Structures are given as C-alpha cells and as structure tokens.
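In what follows, a structure is listed as structure tokens, so that the remarks can point back to it.
Structure below.
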C-alpha cells in the first residue's frame, strides 16, 4: 500500500475498505490500529456500515459488537468481545474535520479537573462524559474482562481518558495530542501504552503549553513507514526534514492532496498501513 497524500482519505477515513485479510495473522496492536480506523465508519447512520465493521472484526476473532453514541451525536465508539478468548476491544472515533462540533471540542483545550486525578483537555472531558455511563455499564456487562482500548486523533484522547476509568490492559493511540497534565499521566503508569507517532504528524505535537504531557513513550514511524526503535531527537529531526522535502517534490502540488506532510501524516490510513507492515515506498 502506497503512502496516501490525498485530502479525501484524511477527511473521510471510512471511504477506504477494511484492511483485515483472512489469510494473514494480526497481533493485538495491529487489530487495535485498524479498529481505530474502522470506528470512522458511520455506524450510527445505518446497518450497512455496522455490517462492514462486524465482518471486519470477525476476521480477527471479535464479535458481539455494540455501538455507542453520545447525546447530539457527540462522541462515538464501538465495543466487541473475542469469539474464542477472554479479551474485549473498545474503539473511539476521532475528529472529522468536516464536523464543526469535533473542531469545537478540539479547540476547548484548557485543562479542567479530571475525576480520576490531575487535569485534562476540557473538550475531550466533555465528550467522554457523554459516553462514560454506557461504556462503564457495557464493561460490567461483559464481565470486566481484559480490555484493549484504541483511538485516533480525538478518539485517541477519548481512549486515553477511558483508560484512566476502565483500567484496560492495553491502550493503543494513533496521532494523539497531549491529553492531560503530569498528574493525569501518572494515572496510566501501570497500563501498557502504545502511542504511535507518524513522522511529521502535527497533532502529536499539540498542545505545546498549559502543562500538558504525553502518556507513554512514542512509537515513532519514519517517513518510509518503518518504526524506529528508541530514535534520538536528532534522528527524528533529520527524518522529518527529509520527509517534508520529499513530500514537497512528490505530493504537495498535486490537486486533491494535503499541501503539507505534517497534515497528511495524520491520516489514519498512513498509521494503519505502517503498523500492519503494508506500507510500500
């Protein structure tokens, strides 16, 4: 799968079909990554997208899918349970830039006291509040089994908040901004965290003020879609510089593309293709 510079796939991740293939094997982190993208499918609008999600999850051994939407369409998530195992999966939908309510929530970035401790992003807290009750009830109903929580962008922020409440075994985030302060981050020290950063993705560098801190160490994906193990800041800086130069030459001036690499790298498909090991150069 080639790197995707298109504006369409940044704005509408649900237009690309599911990537799970019955002939391949996927680990838990891979499943979580694609689940974060699948959550963009518009399951609240009809049965077709629900069936698409359910069919994709069945390939990787999850069923009993349930869907959650907050009041006034603020916040969306789905949960599923392993068919022949003990784990559950919970995925949160991220920002849809064409939805004003999502942009509004992203911009409500002042820290507000969080119920579990510390302070967190006000917009994320408000949206998670719409889902918290139903998700807690679902988690109890399925037997409080080990939980894998995931999300991209805004969904990553919601997944991170959720992790402080439902105490999952694993948290996987794609393109996450900083969600809370240092005290908030300390709530997740015993959680297995996989925080993926795709090369130049601008969102992963925000907010830069107000005492925000990141959860967990980054799993950095380089310009070619390969994860670098414990890269230095100098190595990351050099990789990003080369990525931006290459993008300017190959993609930036093409009609229909995102004009800068820092935006295109936020597209869910560019995370998932790399994490699944399917990125081609």
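Numbering (the numbering used here), first residue to last: 270 to 550.
We put the CB at the ideal spot given by N, CA and C, even for glycine.
Predicted model only: the values in this text are computed from it and were never measured.
Residue i versus residue j - alpha carbon distance
i           : j           : result
residue 516 : residue 271 : 13 Å
residue 433 : residue 518 : 43 Å
residue 309 : residue 507 : 33 Å
residue 460 : residue 489 : 19 Å
residue 540 : residue 305 : 10 Å
residue 424 : residue 472 : 12 Å
residue 511 : residue 522 : 17 Å
residue 497 : residue 399 : 37 Å
residue 351 : residue 408 : 14 Å
residue 285 : residue 335 : 22 Å
residue 401 : residue 345 : 11 Å
residue 317 : residue 404 : 23 Å
residue 446 : residue 475 : 5 Å
residue 343 : residue 391 : 14 Å
residue 441 : residue 320 : 24 Å
residue 509 : residue 530 : 9 Å
residue 293 : residue 329 : 9 Å
residue 280 : residue 365 : 6 Å
residue 333 : residue 542 : 26 Å
Where the alpha helix (DSSP H) containing residue i begins and where it ends
i           : result
residue 320 : 316–328
residue 276 : 276–280
residue 549 : Where residue 549 is concerned, there is no enclosing alpha helix (DSSP H), given that its DSSP letter is neither H nor E.
residue 302 : 297–307
The beta strand (DSSP E) enclosing residue i, as first and last residue numbers
i           : result
residue 524 : Careful: residue 524 lies outside any beta strand (DSSP E) and carries neither H nor E.
residue 357 : 357–361
residue 338 : 331–338
residue 349 : 345–351
Anticipated Cβ contact below 8 Å, residue i with residue j, distance rounded
i           : j           : result
residue 480 : residue 380 : 6 Å
residue 457 : residue 438 : Not a contact, Cβ separation roughly 12 Å.
residue 595 : residue 357 : Lying before the first or after the last residue shown, residue 595 is absent from the chain, which here runs from 270 to 550.
residue 420 : residue 361 : 4 Å
residue 324 : residue 526 : Not a contact, Cβ separation roughly 31 Å.
residue 395 : residue 377 : 7 Å
residue 470 : residue 444 : 5 Å
residue 430 : residue 465 : So it is not a contact: roughly 18 Å between Cβ atoms.
residue 322 : residue 312 : 6 Å
residue 482 : residue 462 : Rounded, the Cβ-Cβ distance is 13 Å, inconsistent with contact.
residue 491 : residue 468 : 6 Å
residue 278 : residue 544 : About 16 Å; that fails the 8 Å criterion.
Residue i beta carbon near the ligand COA (any heavy atom closer than 7 Å)
i           : result
residue 514 : Among the components of this structure there are no ligands whatsoever, and the ligand COA is therefore not found.
Within the stretch 382–450, ranges of the alpha helix (DSSP H) (whole runs, at least 4 residues): Residue ranges of uninterrupted alpha helix (DSSP H) with 4 or more members, entirely inside the stretch 382–450 and ordered along the chain, are 391–410, 423–435.
At 3 residues or longer, and completely inside the stretch 463–536: list those beta strand (DSSP E) runs for me, N to C. As far as the stretch 463–536 is concerned, its whole beta strand (DSSP E) runs of at least 3 residues are 487–490.
Under 8 Å, with one C-beta from each stretch per pair, do the stretch 297–314 and the stretch 277–289 reach the 3-pair mark? In short, these stretches touch, since the Cβ pair count reaches three.
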